[in-house]
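Peer 1: Following this message is one structure expressed as structure tokens.
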Amino acid sequence: MSASGRYLRSLMACMLACVFWVDTASAQSNNAGCTFRLVAGTSRQILRCREGLTIIAEDGARFTLVDRDRNGSADAVRLRRKALLLDAPAGRVRSGFAVVTPQAIAAVRGTKWAVDVARGKTSVFVVKGRVAVQRPASNAGVVLGPGEGVDVEAGTGTLTVKRWPAARVSALMARFGQ
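Quick note: the sequence shown uses the working numbering, first residue 846, plus one each step.
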């Protein structure tokens, strides 16, 4: 291969890597009152936000922090791929917090929960507290309690709350080092 061919190939690889990096680091560049750090020895990221909110992103998670009321603090996250584990201490996240995915909106006031987007489905699981889940284009939804989860797929079908088996919970939490 000629020198110009190698240069073009290297340039294309760099451009693709930059697009990947910008997408994964979008939460860092639009920090909305959160500090970002990588977990040593892993590919997980931790964001610590105002009011005590903590977000752990698994490797490859695609998300953007949102400050809907423009007060300098994140009050939502748009999750497009993979999973986040969120811990919003009761009474400290005053305005609540929402995770918006293509299939669902999961909103809370104080709890610990995980949201996973994969293969056209959003799964929401509650570790502690309560989480309201609904489809983006619907007012009807469900409220999950500790140990409960729901799988939301595209469409208008009824959301079914289920107690998740220990194996599924363990597999999800292991993705966050928990």
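Idealized CB from N, CA, C, for every residue including glycine.
Rounded to whole angstroms, what's the CA-CA distance from residue 908 to residue 961? Just pull it up for me.
Peer 2: 11 Å
Peer 1: Could you check the C-alpha separation between residue 1023 and residue 901 for me, to the nearest Å?
Peer 2: 10 Å
Peer 1: Could you give the C-beta distance for residue 895 and residue 878, rounded to a whole number, given that I count them as a contact under 8 Å?
Peer 2: 4 Å between Cβ atoms; contact.
Peer 1: Could you check whether residue 946 and residue 973 sit closer than 8 Å to each other, using their CB atoms as the reference points?
Peer 2: no
Peer 1: Hey, would you say residue 1015 sits closer than 8 Å to residue 996, going by beta carbons?
Peer 2: no
Peer 1: Can you give me the start and stop residues for the beta strand (DSSP E) that residue 820 sits inside?
Peer 2: Nothing can be reported for residue 820: it is not among the residues displayed for the chain, which extend from 846 to 1023.
Peer 1: I'd like the span of the alpha helix (DSSP H) that includes residue 1012, first residue to last.
Peer 2: 1011 to 1019
Peer 1: Out of 994, 1021, 953 and 1005, state which residue places its alpha-carbon closest to the alpha-carbon of residue 920.
Peer 2: Of the listed residues, the one whose Cα sits closest to residue 920 is 953.
Peer 1: By how many angstroms is the C-alpha of residue 976 removed from the C-alpha of residue 1009?
Peer 2: 15 Å
Peer 1: Going by DSSP in three states, residue 896 sits in which element: helix, strand or coil?
Peer 2: In this structure, residue 896 counts as helix in the three-state DSSP scheme.
Peer 1: Taking 8 Å as the cut-off, decide whether the C-beta atoms of residue 929 and residue 944 are in contact.
Peer 2: yes
Peer 1: Where in the stretch 916 to 944 do unbroken runs of the beta strand (DSSP E), each at least 3 residues long, occur, reported from the N-terminal end onward?
Peer 2: 921 to 933
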